[in-house]
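Pasting the structure below:
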C-alpha cells in the first residue's frame, strides 16, 4: 500500500516538474495577467496563457496525453495549427469584420502598409546572420508583420518545430504594442509632424466595397499564389460582408467561426510551449529577433511616411506609418492615442485602420513570397 | 532574397493601391456613360414630373412608384420593410414619401404597428 502510494506520488506532476515547467507556468500566468488585468489583447492572451498552463503540466510520456503525442486529444486540436487551417479560418473572420472603406477612400495609405513590411526582410537578414537556417530565418522574420495567424501559418509550412516560440513571440509583441510602438513613434517624429491633420476621406460607394475584394484577391493571389489560403479567405470574408445578400454567413464568420478558431489556435499554441521543448537558446534568439523585427517594422512605416511627405502636396501624418504593421486594431489605436495627446481634436483612428488593413494584406503577401522562395 | 521579397511586396501593394484608386473613377465613367446615352433619346422637357431630389412627387405619382414595392410585401406589413424596399430601389426621400402616402390615407395604420395599402385610394 505504501509502495502504491509512492508510485502514485512519483507519477504526479509535482514530482515530474522541473524548473522549466515552473518558468513556463509563470509565463502563462503573466499572459493571463496581461490579458485580464491589463486588457492587452485579451482575446489572444487569455487562451494562449491558459494553454501554456495546460501544456506545462508534466506527465508520463507514452500515454497519449501531450500535444506532441500522436492520438492525443490535444494533438488532434493542434492539427489545425500545423496544417495552417486555423490561421485561414481566422482570416475568413477577419475579412468579414474588416471595413476597407477608409483604405479605398485614401489608397496611398496602402504604401505605409507596404513600408512596414520592411521589418520582415531586415530581420530575415539578421536571422540568417545569427546562424538560423533559411527556413527558420524566414519564419522568424514574419514576426515583423505583427500578424499572429500569418506567423503561425508560415512557420507551420517552413519550420514547424518553431511554431511555439514564434507564435508566442508574435502574439506577445502584438500585446505589447502600447509599450513598444510609442517610444519609436515619438523618437522618429517631431511635434509638428504629429500634429498633421488628415483630411476626411471621400464617401466610398457600396459598389466599390463589393468590387474591392474581387480585385484584391485576383491581384494579390496572382502575384503570390502561396498567399491564397490566407488572402483567399480574407477577401472571401470581406465579400460576404459587403455583398449584402449573405448577412447570415457574414455574421457567422465574424462571430462564431473566428471565435472558435481563435480559442483553439490560442489554446493549442499555448499548450505547445512545453518547457522542455520551448525553453531553448533558439527560443531566446527568436524572442530577441522578433522584438527587432517588430521595432524595425514600426520604424520603417514611420520613416516612409516622412519620405512620402517630401513628395506630397497634402502631407500625411507620419505616425500612421506605425499602423502599417498588421496588428489590428492595436497599432491603429496607438497611433490615434498619440495623435490625441498632441491635439485632442485630431482623430487618426480611421486612417490608422486603413494602414492596418493594408498591413494585413501586405504581411500575408510577404508570407506567400517567403514560402514560395522555399518551395 | 530579402531584396526580391521586399520589392515584390512593395510593387504588389503599389499596384493594388493604384487599382483601387481607379475603381470609383471607372464606376463613375460607367454610370455617366448610361446618362449620356439616355439624354439624346429623351429630352428633359419631354419627361413627365421627375422624381428628383428637388421636387417631391404628388400622392398619385407616389402611388404609382410605391405600388410595385408594396406588392412585394405581405399585408399587413411594417413600415421598416417598406423602407428597406425603398433603400434597395434607391428611391429618394423615403420618409417624406411614406409620410405623404399616410396623409393621403393610401397607407392605412392597423393600430398594431402594421399598415395596409388601400387600393381604392391608391387608384
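Protein chains in written order, with the numbering used here: chain H, 1227 to 1601; chain C, 69 to 191.
From the three backbone atoms N, C-alpha and C, an ideal C-beta is built for every residue, glycine too.
These numbers come from a predicted model, not from an experiment.
DSSP-derived helix/strand/coil call for residue i
| i | result |
| --- | --- |
| residue 1610/H | The structure shown does not extend to residue 1610/H, since chain H is modelled only from 1227 through 1601, so no value can be given for it. |
| residue 126/C | coil |
| residue 1415/H | coil |
| residue 1291/H | coil |
| residue 1488/H | helix |
| residue 176/C | strand |
| residue 1504/H | helix |
| residue 1243/H | coil |
| residue 1387/H | helix |
| residue 1285/H | coil |
| residue 1432/H | helix |
| residue 1332/H | coil |
| residue 1327/H | helix |
| residue 1470/H | coil |
| residue 1574/H | coil |
| residue 161/C | coil |
| residue 140/C | coil |
| residue 1426/H | coil |
| residue 96/C | helix |
| residue 1343/H | coil |
Cα-Cα separation, residue i to residue j
| i | j | result |
| --- | --- | --- |
| residue 114/C | residue 152/C | Summary for residue 114/C: the model assigns pLDDT 48, below 50, so the residue's position carries little reliability; its value from the coordinates is reported in the next sentence. Cα to Cα, residue 114/C sits roughly 31 Å from residue 152/C. |
| residue 1535/H | residue 92/C | 25 Å |
| residue 1180/H | residue 1331/H | This structure does not reach residue 1180/H, given that chain H is present from 1227 up to 1601, and the question cannot be answered. |
| residue 1392/H | residue 1447/H | 25 Å |
| residue 179/C | residue 164/C | 21 Å |
| residue 1267/H | residue 1310/H | 22 Å |
| residue 1577/H | residue 140/C | 41 Å |
| residue 169/C | residue 1432/H | 29 Å |
| residue 1545/H | residue 1335/H | 12 Å |
| residue 1499/H | residue 1253/H | 10 Å |
| residue 1386/H | residue 1283/H | 22 Å |
| residue 1593/H | residue 154/C | 45 Å |
| residue 70/C | residue 1600/H | 13 Å |
| residue 86/C | residue 1441/H | 11 Å |
| residue 1364/H | residue 1525/H | 20 Å |
| residue 149/C | residue 1435/H | 24 Å |
| residue 1234/H | residue 1290/H | 18 Å |
| residue 136/C | residue 1548/H | 52 Å |
| residue 185/C | residue 138/C | 7 Å |
| residue 182/C | residue 1470/H | 26 Å |
| residue 1417/H | residue 124/C | 52 Å |
| residue 1243/H | residue 1249/H | 11 Å |
| residue 1314/H | residue 1459/H | 6 Å |
| residue 1288/H | residue 1472/H | 47 Å |
| residue 1279/H | residue 1256/H | 11 Å |
| residue 134/C | residue 127/C | 10 Å |
| residue 1299/H | residue 1312/H | 16 Å |
| residue 187/C | residue 130/C | 13 Å |
| residue 99/C | residue 1415/H | 43 Å |
| residue 1449/H | residue 1518/H | 28 Å |
| residue 1574/H | residue 132/C | 47 Å |
| residue 1193/H | residue 1505/H | Coverage of chain H is limited to positions 1227 through 1601, which leaves residue 1193/H absent and any answer about it impossible. |
| residue 1533/H | residue 156/C | 44 Å |
CB contact flag (residue i, residue j, <7 Å)
| i | j | result |
| --- | --- | --- |
| residue 1345/H | residue 1370/H | yes |
| residue 1502/H | residue 1246/H | yes |
| residue 1551/H | residue 1580/H | no |
| residue 1353/H | residue 1515/H | yes |
| residue 1512/H | residue 1366/H | yes |
| residue 190/C | residue 174/C | yes |
| residue 1422/H | residue 1543/H | yes |
| residue 1571/H | residue 1307/H | no |
| residue 1258/H | residue 1281/H | no |
| residue 1347/H | residue 73/C | yes |
| residue 1610/H | residue 1316/H | Chain H is shown from 1227 up to 1601; residue 1610/H falls before or after that span and cannot be answered. |
| residue 1478/H | residue 1598/H | no |
| residue 75/C | residue 1595/H | no |
| residue 1399/H | residue 1520/H | yes |
| residue 1557/H | residue 1406/H | no |
| residue 1342/H | residue 1527/H | yes |
| residue 88/C | residue 1333/H | yes |
| residue 84/C | residue 1445/H | yes |
| residue 1487/H | residue 1277/H | no |
Opposing strand residues paired with residue i [DSSP bridges]
| i | result |
| --- | --- |
| residue 145/C | 183/C |
message: Using 8 Å as the cut-off, can you tell me whether the region 1579-1588 of chain H makes contact with the region 1360-1376 of chain H, which would need three or more C-beta pairs spanning the two stretches below that distance?
response: yes
task: Decide yes or no for the touch test of the region 1558-1578 of chain H against the region 1401-1421 of chain H: beta carbon pairs closer than 8 Å, at least 3 of them.
output: yes
- request: Take every Cβ of the region 1258-1275 of chain H, pair it with every Cβ of the region 1288-1304 of chain H, and state whether three or more of those distances are shorter than 8 Å.
  value: no
- prompt: Is the region 1449-1465 of chain H in contact with the region 1316-1325 of chain H, if contact means three or more CB pairs nearer than 8 Å?
  reply: yes
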